[in-house]
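Chains as they are written, first to last, in the working numbering: chain C, 391 to 645; chain B, 391 to 645.
Working notes, beginning with the structure itself.
Number of protein chains: 2
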Amino acid sequence: MTVETGGVDKRRLFELLWGTPTGPRRGPRPTLTLAAIARAGITIADADGLEGLTMQRVAESLDVTKMALYRYVPGRAELVALMLEAAIGEPPAPPAGADWRGRLDDWTRQLFDRFRRHPWAQAATVGARLPGPNELAWVEAVVAALTGTGLTGAEQLDVAVLLVGHARNLAQHATPEGAPAGSREAAFGVLVRGREERFPALDAALRGIDPEATDAALDFGLARILDGIGALIAARAADPRSGGAARRGPGGRGE
Amino acid sequence: MTVETGGVDKRRLFELLWGTPTGPRRGPRPTLTLAAIARAGITIADADGLEGLTMQRVAESLDVTKMALYRYVPGRAELVALMLEAAIGEPPAPPAGADWRGRLDDWTRQLFDRFRRHPWAQAATVGARLPGPNELAWVEAVVAALTGTGLTGAEQLDVAVLLVGHARNLAQHATPEGAPAGSREAAFGVLVRGREERFPALDAALRGIDPEATDAALDFGLARILDGIGALIAARAADPRSGGAARRGPGGRGE
DNA sequence: TTCAAACTGTGTCCCTCGGATACAGAGTAC
DNA sequence: GTACTCTGTATCCGAGGGACACAGTTTGAA
Chain C
391 MTVETGGVDK
401 RRLFELLWGT
411 PTGPRRGPRP
421 TLTLAAIARA
431 GITIADADGL
441 EGLTMQRVAE
451 SLDVTKMALY
461 RYVPGRAELV
471 ALMLEAAIGE
481 PPAPPAGADW
491 RGRLDDWTRQ
501 LFDRFRRHPW
511 AQAATVGARL
521 PGPNELAWVE
531 AVVAALTGTG
541 LTGAEQLDVA
551 VLLVGHARNL
561 AQHATPEGAP
571 AGSREAAFGV
581 LVRGREERFP
591 ALDAALRGID
601 PEATDAALDF
611 GLARILDGIG
621 ALIAARAADP
631 RSGGAARRGP
641 GGRGE
Chain B
391 MTVETGGVDK
401 RRLFELLWGT
411 PTGPRRGPRP
421 TLTLAAIARA
431 GITIADADGL
441 EGLTMQRVAE
451 SLDVTKMALY
461 RYVPGRAELV
471 ALMLEAAIGE
481 PPAPPAGADW
491 RGRLDDWTRQ
501 LFDRFRRHPW
511 AQAATVGARL
521 PGPNELAWVE
531 AVVAALTGTG
541 LTGAEQLDVA
551 VLLVGHARNL
561 AQHATPEGAP
571 AGSREAAFGV
581 LVRGREERFP
591 ALDAALRGID
601 PEATDAALDF
611 GLARILDGIG
621 ALIAARAADP
631 RSGGAARRGP
641 GGRGE
């Protein structure tokens with residue numbers, strides 16, 4: 391079980407994430423590094439999740455006392471933020487010669503991979519956060535890929551939100567090692583079996599699933615999203631003031 | 391700060407979520423109800439988040455001792471699961487006369503609303519979970535809406551995953567009370583300002599944003615997703631074995 | 001009618017974990 | 001060399017989840 395600190399020292403976290411590594415002058419030289427601490431935390435969280443991440447364990451793995459960590463990090467919450475920034479890392483260079491679609495496709499898969507390698511990153515990205523340089527660089531990559539496509543700035547950011555969400559969500563369903571074949575059938579099947587009258591459509595859908603087929607939810611969703619974006623870009627190219635984000639279904643209730 | 395119990399008693403949780411309310415015979419009649427406990431927990435979490443949810447506080451609000459709760463719930467993790475199931479509630483009836491698109495549009499907005507009303511639900515839906523009857527009913531609604539569209543069972547489930555993800559992710563960015571106008575500009579702007587050479591595309595995108603415009607990320611993403619699904623359905627109608635989920639961009643690396 | 005079994009709520013205790021604080025040693029600037 | 005400052009440490013505290021034994025209550029069986 392792990393404690394999830396509610397309060398985050400935003401001022402201090404901003405300095406940690408965005409500040410320049412100002413070397414202090416007086417006093418003994420620090421034995422640790424922010425990067426080393428984050429790395430140690432990542433190793434632990436990768437193995438045992440955020441619940442397994444305790445200041446004590448991080449300190450032990452660095453051969454220091456627990457309280458020594460507080461000389462570098464204000465608290466656990468900020469440590470997790472640093473870990474996230476380090477685990478996500480810099481965005482990859484866009485594939486050579488790729489158009490916007492190729493770039494976004496690759497981008498999403500790479501991000502998915504990062505999330506899958508660090509399952510705790512899921513939990514570390516809930517709620518309002520202060521993004522770090524790396525995180526912002528990922529967003530920059532999406533916007534850059536969409537520059538010149540006719541989408542507005544707001545829409546470009548919307549795409550980033552959409553793709554981040556997809557990558558993040560699918561990492562949740564996937565095991566750390568590849569996509570599980572027909573695991574959904576197993577998970578849902580147990581619940582639906584015996585309750586077919588309550589979940590008739592679900593039952594029918596599950597019956598149609600080939601347990602041998604690999605789970606392609608990432609591919610499927612990504613293809614749909616990119617198709618949708620492509621349609622908008624094409625429409626914009628034909629008529630610059632066409633179909634924005636206001637399209638709603640017949641049952642949509644305006645908010 | 392709150393403790394997030396790692397281990398969940400799956401066997402017991404299954405009974406709690408799916409079991410029939412078997413009335414025990416002997417002994418004093420219980421003063422509490424699972425539903426009442428969940429409701430109390432929801433009230434607290436709505437106000438102070440999951441960090442504010444402690445067994446002590448839940449017990450106090452019910453005028454019982456902390457340990458009395460353990461007669462009903464194995465632990466905190468299971469309580470959160472019950473709260474989630476209750477907070478999500480039953481899915482809404484599909485809008486009368488709506489096609490698949492109208493149904494899914496409405497469905498997503500309704501789910502978004504549930505998530506927005508209970509911000510903690512975000513954090514409560516990370517990682518592999520055992521879905522409750524309500525949660526499964528929501529999935530059933532999506533699959534039912536897509537029955538007869540030509541999508542395979544697996545694809546119908548993929549759509550459900552996609553839409554849940556979108557609703558969930560956007561609830562994270564939205565404030566509990568409506569969409570914040572141009573808040574993104576404020577959040578990102580501070581970080582980009584002064585670092586324009588590092589985030590040139592982002593800077594350009596932010597400059598193009600009207601701070602007065604309402605944040606339409608939910609609408610935008612939803613429209614793109616539904617457009618993409620519509621394109622697939624149309625293609626399937628024209629040629630039953632056309633474009634599945636395998637379409638990849640040039641940079642896509644097969645897994 | 002009696003009594004044992006089963007179940008409920010309580011009081012007490014323990015462990016883990018984040019964090020505050022005071023202190024001792026190390027290194028640097030004057 | 002000396003005063004200042006920064007680092008790591010030791011100790012302590014409170015919050016929180018959960019175990020456990022016990023007392024009271026209700027019901028079914030004798």
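We treat Cβ as the ideally placed atom computed from N, Cα and C, and that holds for glycine.
Keep in mind it's a predicted model, so treat the numbers as computed, not measured.
- Would you mind reading off the limits of the alpha helix (DSSP H) that contains Glu468 (chain C)? Arg466 to Ile478
- Message: At 3 residues or longer, what runs of the beta strand (DSSP E) sit wholly inside the segment 502 to 586 of chain B?
- Response: none
- Item | Amino acids of chain C, ordered along the chain, whose beta-carbon sits closer than 8 Å to that of Leu581 (chain B) | Trp408, Pro521 and Leu526
- Query: Helix, strand or coil for Ile434 (chain B) per DSSP?
  - Reply: helix
- Item | Proximal residues of chain B, C-beta to C-beta of Gln562 (chain C) below 9 Å | Thr515, Val516, Gly517, Ala518 and Gly555
- On a CA-only basis, which of C:Ile432, C:Arg558 and C:Ala426 is nearest Thr498 (chain C)? Give me that one, please. C:Arg558
- Message: Spatial neighbours of Arg429 (chain C) within its chain, please: C-beta separation below 8 Å, excluding the five flanking residues on both sides.
- Response: Ala476
- Task: Can you pull the chain C residues whose beta carbon is under 9 Å from the beta carbon of Arg597 (chain B), in chain order?
- Result: Gly543
- Message: Quick check on DSSP: helix, strand or coil for Leu424 (chain C)?
- Response: helix
- Taking the C-alpha atoms as reference points, what is the distance between Ile478 (chain C) and Leu459 (chain B)? 40 Å
- Would you verify that the beta carbon of Thr537 (chain C) is, or is not, closer than 7 Å to some beta carbon of chain B? yes
- Query: Taking Cβ positions, are Arg493 (chain C) and Pro482 (chain C) nearer each other than 7 Å?
  - Reply: no
- Query: When we look at the beta-carbon of Pro509 (chain C) and count the other beta-carbons within 10 Å, is it buried (16 or more) or exposed?
  - Reply: buried
- Cβ of Gly598 (chain B) within 7 Å of Cβ of Gly543 (chain C)? yes
- Message: Going by DSSP, what residue range makes up the alpha helix (DSSP H) through Gly459 (chain B)?
- Response: Going by the sequence as given, residue 459 (chain B) is Leu instead of Gly. Counting along the chain, the alpha helix (DSSP H) containing Leu459 (chain B) begins and ends at Lys456 to Leu459.
- Message: Suppose the cutoff is 6 Å on Cβ atoms and the five residues either side in sequence are ignored; what does the same chain contact list for Asp593 (chain B) look like?
- Response: Val582 and Glu586
- Item | Under 9 Å from the C-beta of Ala628 (chain B): neighbouring residues of chain C | Chain C residues near Ala628 (chain B): none, gap ~15 Å exceeds 9 Å.
- Phe404 (chain B) lies in the alpha helix (DSSP H); which residues open and close that run? Lys400 to Trp408
- Query: Quick one: is Gln446 (chain C) near chain B, going by C-beta distance under 7 Å?
  - Reply: no
- Task: Alpha carbon to alpha carbon, how far is Met473 (chain C) from Ala437 (chain C)? Give it in angstroms, no decimals.
- Result: 14 Å
- Query: Should Pro521 (chain B) be labelled buried (16 or more other beta-carbon atoms within 10 Å of its own) or exposed?
  - Reply: buried
- Message: Below 8 Å on C-beta distance, what does Val551 (chain B) contact in chain C?
- Response: Asn559, Leu560, His563, Ala607 and Gly611
- Query: Distance, Cα to Cα, Arg626 (chain C) vs Pro523 (chain C)?
  - Reply: 32 Å
- Query: Terminal residues of the continuous alpha helix (DSSP H) containing Leu616 (chain C)?
  - Reply: Ala607 to Ala628
- Message: Please report the straight-line C-alpha distance between Gly409 (chain C) and Ala613 (chain C), rounded to a whole angstrom.
- Response: 39 Å
- Task: Kindly give me the distance between the Cβ atoms of Asp399 (chain C) and Pro464 (chain C), rounded to whole angstroms, as I take these residues to be in contact under 8 Å.
- Result: 4 Å
- With a Cβ-Cβ cutoff of 7 Å, do Ala535 (chain B) and Trp490 (chain B) count as a contact? yes
- Less than 7 Å separating the beta-carbons of Ala595 (chain C) and Val533 (chain B)? yes
- Considering only the beta carbon of each residue, do Ala608 (chain C) and Leu560 (chain C) sit closer than 7 Å? Going by the sequence as given, residue 608 (chain C) is Leu instead of Ala. Result yes, Cβ atoms of Leu608 (chain C) and Leu560 (chain C) sit closer than 7 Å.
- Item | Supposed contact pair Ala511 (chain B) and Phe505 (chain B) - C-beta distance, whole angstroms, cut 8 Å | 5 Å
- Task: Return the chain-ordered list of same chain residues with a C-beta closer than 6 Å to the C-beta of Asp496 (chain B), the five sequence neighbours on each side being excluded.
- Result: Pro485
- Task: Find the residues of chain B that neighbour Glu468 (chain C), judging by a C-beta separation of less than 7 Å, and give them in chain order.
- Result: Result: empty, since nearest Cβ-Cβ is about 13 Å, beyond 7 Å.
- Task: Under 9 Å between beta-carbons, which chain B residues line up against Ala624 (chain C)? List them in chain order, please.
- Result: Within chain B, no residue comes near Ala624 (chain C); the closest Cβ sits about 11 Å away, beyond 9 Å.
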